[in-house]
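> Okay, handing you the structure first.
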Amino acid sequence: PDYMMMFNNFKTTYGKVYNGINEDAVRFGNFKANVDVIYATNARNLTFALGVNEFADLTQDEFAAIYTGLKPASLWSGLPRLSTHEYDGSPLASSVDWTTQGVVTPVKNQGQCGSCWSFSTTGALEGAWALSTGNLVSLSE
């Protein structure tokens with residue numbers, strides 16, 4: 002493939018402007034490596050196809066550092082603190098079945114969605130809301 006033409010189209014499409022020739026060269030190298038991965042993966046005729054997107058000039062480490070993980074504590078410093086509860090040592094139930102307490106929504110079909118975390122997170126929020134308000138609401142995932 003004509004990597005340089007693809008890279009120039011990529012920069013135009015996503016409005017990419019780099020700080021000089023050195024950074025442009027580094028980003029081109031990243032882009033070329035990512036395009037190679039895209040072509041190699043797509044050649045395997047899997048159940049999905051990869052394509053160039055706005056992240057194609059990043060390494061995996063750069064992407065992970067920028068778009069995943071927790072944000073710096075400074076972002077949270079201005080938020081109000083929630084009250085805490087200390088365990089008083091009273092006996093705990095050996096098990097709890099929340100489905101009998103009316104605080105669990107019906108099972109949802111996530112299909113082939115790769116974001117199972119969003120279903121479990123939403124389920125936890127639904128239950129917490131039901132426990133605090135007495136109103137069970139099924140939220141969208």
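Going letter by letter, the sequence shown gives residues 2 to 142 in the working numbering. Where a beta carbon is used, it is the ideal one built from N, C-alpha and C, also for glycine. Every value quoted in this text rests on a predicted model; they were computed, and no experiment measured them.
Counting Cβ pairs closer than 8 Å, one from the region 40-47 and one from the region 19-29, do we hit at least three?
Flag = no, the region 40-47 and the region 19-29 do not touch.
> Nearest-angstrom Cα distance between Leu93 and Val36?
As a position in the sequence shown, residue 93 is number 92, starting the count at 1. As a position in the sequence shown, residue 36 is number 35, starting the count at 1. So the alpha carbons of these two residues sit roughly 55 Å apart.
> Grouping DSSP H, G and I as helix and E and B as strand, with all else coil, what is Arg82?
Residue numbering aside, residue 82 sits at position 81 when the sequence shown is read from its first letter. Three-state result, Arg82: coil.
> Gln61 by DSSP, collapsed to three states: which one?
Counting from 1 along the sequence shown, the entry for residue 61 is found at position 60. Note: Gln61 maps to helix in three-state DSSP.
> Would you kindly work out how many angstroms separate the C-alpha atoms of Tyr19 and Ser116, rounded to a whole number?
Translated into positions along the sequence shown, residue 19 becomes position 18. Translated into positions along the sequence shown, residue 116 becomes position 115. Distance between the alpha carbons of Tyr19 and Ser116 is about 33 Å.
> In its own chain, which residues sit with a C-beta less than 7 Å from the C-beta of Phe8, not counting the 5 before and 5 after it?
Position 7 of the sequence shown, counted from the start, is the residue given in the question as residue 8. Closer than 7 Å at Cβ, skipping near neighbours: Phe29 and Phe32.
> DSSP three-state label for Thr42, please.
Counting from one through the sequence shown, the residue named residue 42 turns up at place 41. Helix.
> May I have the straight-line CA-CA distance separating Lys17 from Asn10, to the nearest angstrom?
In the sequence shown, counting from the first residue as 1, residue 17 sits at position 16. In the sequence shown, counting from the first residue as 1, residue 10 sits at position 9. Answer to the nearest angstrom: the Cα atoms are 10 Å apart.
> Using the Cα positions of Thr13 and Met6, report the straight-line distance between them to the nearest angstrom.
Here residue 13 refers to the residue found at position 12 when the sequence shown is read from its first residue. Here residue 6 refers to the residue found at position 5 when the sequence shown is read from its first residue. Their Cα atoms are separated by approximately 11 Å.
> Specify whether the region 79-98 and the region 116-127 touch according to this definition: at least 3 beta carbon pairs, one from each stretch, less than 8 Å apart.
No: the two stretches stay apart, fewer than three of their Cβ pairs being nearer than 8 Å.
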